[in-house]
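Asker: Below: one structure in structure tokens.
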Amino acid sequence: MIRTCIGCRERAEKSTLVRVVATGDSPVTVVLDRDGRLPGRGAHLHPDPGCLELAQRRKAFGRALRVAGTLDLTSVVEQLAPGAGHAPPARPT
Ligand SMILES: [Zn+2]
Numbered sequence: 526m527i528r529t530c531i532g533c534r535e536r537a538e539k540s541t542l543v544r545v546v547a548t549g550d551s552p553v554t555v556v557l558d559r560d561g562r563l564p565g566r567g568a569h570l571h572p573d574p575g576c577l578e579l580a581q582r583r584k585a586f587g588r589a590l591r592v593a594g595t596l597d598l599t600s601v602v603e604q605l606a607p608g609a610g611h612a613p614p615a616r617p618t
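In the working numbering, the protein residues as written are 526 to 618.
Encoded structure:
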């Protein structure tokens, strides 16, 4: 299955992307769905801090998850941030 990363907008095999799901409300919390089993509207992105940043900058989460208000991305950011074990640490600029 091919899905589009909401960060870089590249199409990729679903297995190489992580699914995120919006849960709760006020604020809506976005969580990683590592097993692909959480109910609700999901979106896909690369497990990459760069794609996460792009998605945040483009407000792609709200669009993809059909959420108009504020999204709490803390959980996703913590798990995809450099040093969280998914990607090599970002080089100092
Ligand atoms: Zn991407």
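All C-beta atoms, glycine included, are put in the ideal place defined by N, C-alpha and C.
#1: Is the beta carbon of Leu570 less than 9 Å from the beta carbon of Ile531?
#2: Taking the Cβ atom as the reference point for each residue, do Leu596 and Arg566 lie within a distance shorter than 9 Å?
#3: Buried or exposed for Gly561, please, with buried defined as at least 16 other CB atoms from any protein chain shown within 10 angstroms of its CB.
#4: Just to confirm, does Asp631 get its C-beta within under 8 Å of one of the non-hydrogen atoms of ligand 1?
#5: Identify the residues that DSSP records as bridge partners of Glu538: which are they?
Answerer: Looking at the coordinates:
#1: yes
#2: no
#3: Around the beta carbon of Gly561, a 10 Å sphere encloses fewer than 16 other beta carbons of the protein chains shown; the residue is thus reported as exposed.
#4: This structure cannot settle anything about residue 631, because the visible part of the chain is limited to 526 through 618.
#5: Per DSSP, Ile527.
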